[in-house]
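Input: a single structure, listed below in structure tokens.
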Amino acid sequence: MFRVLGKITDALAALAVIGIVGITVVAVFMRWLLNDPLVWGEEVLIVCYIWMIMLGAASAMRKRMHVSIDAFTSMLPPRGQALFAIITDLISIVALAIFGYLGYELAEIAEDKLTSILAISYFYIDIAVPIGAFVMVLFCLQHLYQDIKKLINGDTLCQ
Numbered sequence: 761m762f763r764v765l766g767k768i769t770d771a772l773a774a775l776a777v778i779g780i781v782g783i784t785v786v787a788v789f790m791r792w793l794l795n796d797p798l799v800w801g802e803e804v805l806i807v808c809y810i811w812m813i814m815l816g817a818a819s820a821m822r823k824r825m826h827v828s829i830d831a832f833t834s835m836l837p838p839r840g841q842a843l844f845a846i847i848t849d850l851i852s853i854v855a856l857a858i859f860g861y862l863g864y865e866l867a868e869i870a871e872d873k874l875t876s877i878l879a880i881s882y883f884y885i886d887i888a889v890p891i892g893a894f895v896m897v898l899f900c901l902q903h904l905y906q907d908i909k910k911l912i913n914g915d916t917l918c919q
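Residues in the sequence shown are numbered consecutively from 761, following this note's numbering.
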């Protein structure tokens, strides 16, 4: 399940990046060579950026690529490092759950608000936050399970 979810997340984030690059190239071409700017380009770019950020963050969470400073944890014995990783997983899950809940509240509030040019409901833009947070929570739960399993078995931590 997590492998499939990871592939879907990566594919959608890549699609957003392709959209950003493609629209930017077309917008620059239209503005500078044809002197006819894309009026809708900026709105679509913003939507693509938001989705790219949330899906990219979920992808980074899956691969444990978020920035962390291990100056303190590297001084701990392996069991202490495992416990610290479990605590970090739990804190991340709680923070992401709150982030996702508040993001959903924002999406509901913005449901009737439309973008100025394409008249896209802000719900479809803002819903990226709770969806990204939910996917990150799922990956954190996977890490938590792996870290607890490693602690019980006495193995080194998952990296």
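Backbone N, C-alpha and C define an ideal beta-carbon position, used for all residues, glycine too.
Contact check, V895 vs L815, beta carbons under 9 Å: In this structure, V895 lies near L815, with their beta-carbon atoms less than 9 Å apart.
What's the gap between the Cα of W800 and the Cα of M821? Distance between the alpha carbons of W800 and M821 is about 32 Å.
Could you tell me whether the Cβ atoms of E803 and S876 are closer together than 9 Å? Here E803 is near S876, since their CB atoms are less than 9 Å apart.
Where L898 falls, given that 16 or more other Cβ within 10 Å makes a residue buried: By the neighbour-count rule (16 or more Cβ atoms within 10 Å), L898 is buried.
Short of 6 Å in beta carbon distance, which residues of its chain neighbour G766, apart from the five on each side in sequence? Order them along the chain. Taken in chain order, the residues that qualify are R822.
Less than 9 Å between the C-beta atoms of M812 and A867, yes or no? It is not a contact, given that the beta carbons lie outside the stated cut-off.
So, does the stretch 883–893 touch the stretch 848–867, judging by three or more C-beta pairs under 8 Å? Contact holds: three or more Cβ-Cβ distances are below 8 Å.
What span of residues does the alpha helix (DSSP H) with S828 cover, start to end? First-last for S828: undefined, no H or E at that position.
Please report the Cβ distance between I853 and C900, rounded to the nearest whole angstrom; I am assuming they are in contact, meaning their Cβ atoms lie under 8 Å. The C-beta distance from I853 to C900 rounds to 5 Å, short enough to fall under 8 Å.
Spatial distance of I851 from Y905 (CA atoms): About 14 Å.
Applying the 10 Å Cβ sphere with the 16-neighbour rule, what's the burial state of L878? Burial check for L878: the Cβ neighbour count within 10 Å stays below 16, so the residue is exposed.
Could you have a look at S881 and say whether DSSP puts it in helix, strand or coil? Under the three-state reduction of DSSP, S881 is assigned to strand.
Check whether the Cβ atoms of A818 and T769 lie closer than 9 Å to each other. Less than 9 Å divides the Cβ of A818 from the Cβ of T769.
Around the Cβ of V807, are there at least 16 other Cβ atoms within 10 angstroms (buried) or fewer (exposed)? V807 should be labelled buried.
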